[in-house]
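One structure is given below, encoded as structure tokens.
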Amino acid sequence: MEELDLIVESVKHDMEAAIKHLDHAFQRIRAGRASTNMVQDVMVEYYGAPTPLNQVANVSVPDAMTISIQPWDRTAIGAIEKAIINSNLGFAPSNNGENIILNVPPLTEDRRKDLAKQAKGETEDTKIVIRNARQNGIKELKKLEGVSEDLVKTVEATIQELTDKYVKSCEDHLKTKEAEIMKV
């Protein structure tokens, strides 16, 4: 019985991790408003080592269409600008010698549709991960010896219920994100 519970917990953990990854992916997809999450994955070459942007500068959002980046070391401004340009975020950084300003342009209808497609793609990838977690759980279940068929069927049904629950959660996340993206 303990092995069965471990398998179910393992499957549940993998599915929760997939949902967390989806949330993280959705944070990177902008929805019209400036957010510090847009630049959280930017890595700056700082004294020869790739360093996350938030460790070399203060990142803030003074208004809905602007991201302000104030480096703690002024000599890093060039490296930060280069990292932003190389990260393909679609922003043109401008600096005044003390900080870097990123103006977030309003989204066009075509761009909104592209972002919605990107969100849908991330959701589909997450569903695949969830289904793979189900398959792996069922494989582990089949490997167990000395467990009655009825018990195996019951645990399989539990794993399927978890799968359905997390797939529905993906769909709910997608609906929310699409509404956020398409809102003008």
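Residue 169 in UniProt numbering is what sits at position 169 of the sequence shown, and the numbering runs on without skipping anything. For glycine and all other residues, C-beta sits at the position ideal for the given N, C-alpha and C.
{"Query": "Spatial distance of ALA83 from ASN96 (CA atoms)", "Result": "17 Å"}
{"Query": "Separation of GLU2 from GLY146, as counted between CA atoms", "Result": "13 Å"}
{"Query": "Span separating the alpha-carbon of THR126 from that of GLY90", "Result": "25 Å"}
{"Query": "Per-residue burial, ILE85 [other beta carbons within 10 Å of its own, 16 or more giving buried]", "Result": "exposed"}
{"Query": "For GLU45, three-class secondary structure by DSSP", "Result": "strand"}
{"Query": "Boundaries (first-last residue) of the beta strand (DSSP E) holding ILE138", "Result": "First-last for ILE138: 109-143, but that is the alpha helix (DSSP H), not the beta strand (DSSP E)."}
{"Query": "Extent of the continuous alpha helix (DSSP H) to which ASP23 belongs", "Result": "2-28"}
{"Query": "CB of ILE7 within 8 Å of CB of GLU140, strictly", "Result": "yes"}
{"Query": "DSSP beta-bridge partners of PRO50", "Result": "GLU45"}
{"Query": "Unbroken beta strand (DSSP E) run spanning VAL61, endpoints", "Result": "57-63"}
{"Query": "Residues sharing a beta bridge with PRO71, DSSP", "Result": "ALA57"}
{"Query": "Between the CA atoms of ILE19 and SER169 - distance to the nearest angstrom", "Result": "8 Å"}
{"Query": "Collapsed DSSP secondary structure at LEU89 in the structure displayed", "Result": "coil"}
{"Query": "Outcome for LEU151 when other beta-carbon atoms lying within 10 angstroms are tallied against a minimum of 16", "Result": "exposed"}
{"Query": "Residue from TYR47, ASP14, ASN99 with nearest C-alpha to ARG134", "Result": "ASP14"}
{"Query": "ASN37 (DSSP reduced to helix, strand or coil)", "Result": "helix"}
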